[in-house]
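In my numbering, the protein residues as written are 46 to 380. Beta carbons are placed, not taken as given, at the ideal position from N, Cα and C, and that holds for glycine. This report concerns only the one structure given below.
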Ligand SMILES: Cc1cc2nc3c(=O)[nH]c(=O)nc-3n(C[C@H](O)[C@H](O)[C@H](O)COP(=O)(O)OP(=O)(O)OC[C@H]3O[C@@H](n4cnc5c(N)ncnc54)[C@H](O)[C@@H]3O)c2cc1C
């Protein structure tokens with residue numbers, strides 16, 4: 046009989062781990078939200094979570110290719126804009142590492158993985174509260190259910206991992222380390238603005254803009270096959286009450302367009318997503334944190350694996366994939 050594994054969280058880490066383990070284990074995923082994907086979240090073809098994959102990220106690239114997902118290059122042709130006082134300036138940005146996007150949207154990655162999970166049970170709206178382990182197995186508790194298994198893998202961002210109740214308790218140093226680890230992009234607000242046409246491309250602009258005026262602080266082209274769009278990271282002190290109007294005013298000022306050219310604005314404030322961010326995550330970061338957490342002081346029947354646990358490419362999709370592969374390899378070698 047197959048041993049049972051409960052995976053807590055159905056973000057990329059949880060869903061991919063299930064894909065790697067399901068042949069040899071009976072896997073159940075418990076997910077707090079009413080949807081899978083975690084930080085991967087798209088509205089139609091608009092990515093409101095991650096968008097980019099870089100060419101050195103071999104593991105996520107291999108996975109995308111295995112799943113027959115197509116990539117296309119981030120559009121960067123043309124001039125960039127600096128939204129400054131008293132007037133908007135045009136400049137040629139320094140070349141940066143080219144990035145690629147997934148055709149359709151990044152949610153296709155989760156969809157395609159899920160299609161392969163014929164042997165996995167995914168239970169949504171199950172916020173896990175506690176994880177208990179003893180010599181016989183693990184017991185995972187949600188508000189309404191108790192689940193038993195041989196092993197559990199917690200795939201939440203470390204700060205959220207630390208808020209679960211454990212028996213035996215987490216070693217103090219490990220809990221401290223989890224609490225100190227910033228959730229990557231947990232402080233971000235991302236919007237996608239849909240237009241009638243990609244007029245900026247016609248004007249020789251790449252869509253890249255940065256601004257000290259706001260509410261959008263940094264913007265990029267986000268066109269898909271069927272939609273003309275830009276995406277923006279929103280400044281941390283933008284007003285939420287007047288957000289839509291302020292974004293429209295900024296775009297009208299920057300591009301000299303009419304309000305009617307803006308069809309729709311989609312927006313996620315990741316700071317307020319309680320299954321991604323904690324209160325400490327709201328603070329702005331000046332650099333990409335150095336990620337990686339050694340959890341060996343606790344492991345027995347309980348393991349941890351989200352992108353922030355990865356020493357390589359932590360924070361990114363690549364980190365989630367690499368850490369999942371590491372945990373899956375340790376499961377396969379120990380059985
Ligand atoms: C706006 C934004 C832009 C980004 N841009 C990029 C990019 O361009 N490139 C890149 O590589 N990365 C980017 N990232 C980071 C990328 O999204 C993450 O690396 C990746 O999605 C992490 O996946 P994960 O499964 O490790 O964690 P998560 O996606 O956070 O998954 C954790 C899961 O656990 C669930 N959960 C939480 N609490 C509980 C609980 N108590 N019980 C049960 N389930 C629970 C959550 O709902 C979630 O589904 C971006 C992130 C954001 C938010």
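Contact test: residue i Cβ vs ligand 1 heavy atom, cutoff 7 Å
i           : result
residue 361 : yes
residue 131 : no
residue 191 : no
residue 175 : no
residue 245 : no
residue 56  : yes
residue 372 : no
residue 134 : no
residue 357 : no
residue 141 : no
residue 172 : yes
residue 233 : yes
residue 230 : yes
residue 255 : no
residue 165 : no
Residues sharing a beta bridge with residue i, DSSP
i           : result
residue 223 : Looking at the DSSP assignment, residue 223 forms no beta bridge with any residue, so it has no partner.
residue 239 : 274, 309
residue 124 : 250
residue 155 : Per DSSP, none; premise fails for residue 155.
Run of the beta strand (DSSP E) containing residue i, from where it starts to where it stops
i           : result
residue 266 : 261-266
residue 48  : 48-53
residue 212 : 210-212
residue 151 : It is not in any beta strand (DSSP E) - residue 151 carries neither H nor E in the DSSP assignment.
residue 177 : 173-178
Boundaries of the alpha helix (DSSP H) in which residue i is found, first to last residue
i           : result
residue 106 : 103-111
residue 117 : No alpha helix (DSSP H) contains residue 117, which is instead part of the beta strand (DSSP E) from 116-118.
residue 85  : Here residue 85 belongs to no alpha helix (DSSP H), and DSSP marks it neither H nor E.
residue 60  : 57-66
residue 197 : Residue 197 -> not in any alpha helix (DSSP H); beta strand (DSSP E) instead, spanning 196-199.
Cβ-heavy atom distance, residue i to ligand 3, below 7 Å
i          : result
residue 76 : In the structure on display, ligand 3 does not appear, and the ligands it does have are ligand 1.
Inset, instruction - Assess, as a yes-or-no matter, whether the region 276-294 is touched by the region 150-164 under the definition of 3 or more beta carbon pairs within less than 8 Å. - result: no
Inset, instruction - May I ask you to verify whether the region 116-135 touches the region 243-256, counting CB pairs closer than 8 Å and requiring at least 3? - result: Yes, since at least three Cβ pairs between the region 116-135 and the region 243-256 fall closer than 8 Å, the two stretches touch.
Legend entry - At least three beta-carbon pairs within less than 8 Å, the region 73-81 to the region 105-116: no
Inset, instruction - Taking 8 Å as the threshold, find out whether the region 49-61 comes into contact with the region 235-242 through three or more Cβ pairs. - result: The region 49-61, when compared against the region 235-242, does not touch it at the 8 Å Cβ threshold.
Legend entry - the region 209-222 touching the region 168-185, judged by at least three CB pairs closer than 8 Å: Yes: the two stretches touch, three or more of their Cβ pairs being nearer than 8 Å.
Inset, instruction - Flag this pair as touching only if the region 296-308 and the region 146-160 have three or more C-beta atom pairs under 8 Å; answer yes or no. - result: The region 296-308 is not in contact with the region 146-160.
Inset, instruction - Examine the Cβ distances between the region 341-358 and the region 367-377 and report whether three or more of them are shorter than 8 Å. - result: When C-beta atoms of the region 341-358 are compared with those of the region 367-377, three or more pairs fall below 8 Å, so the two segments count as touching.
Inset, instruction - Count the C-beta pairs between the region 112-124 and the region 337-346 that are closer than 8 Å, then say yes if the count reaches three, no if not. - result: no
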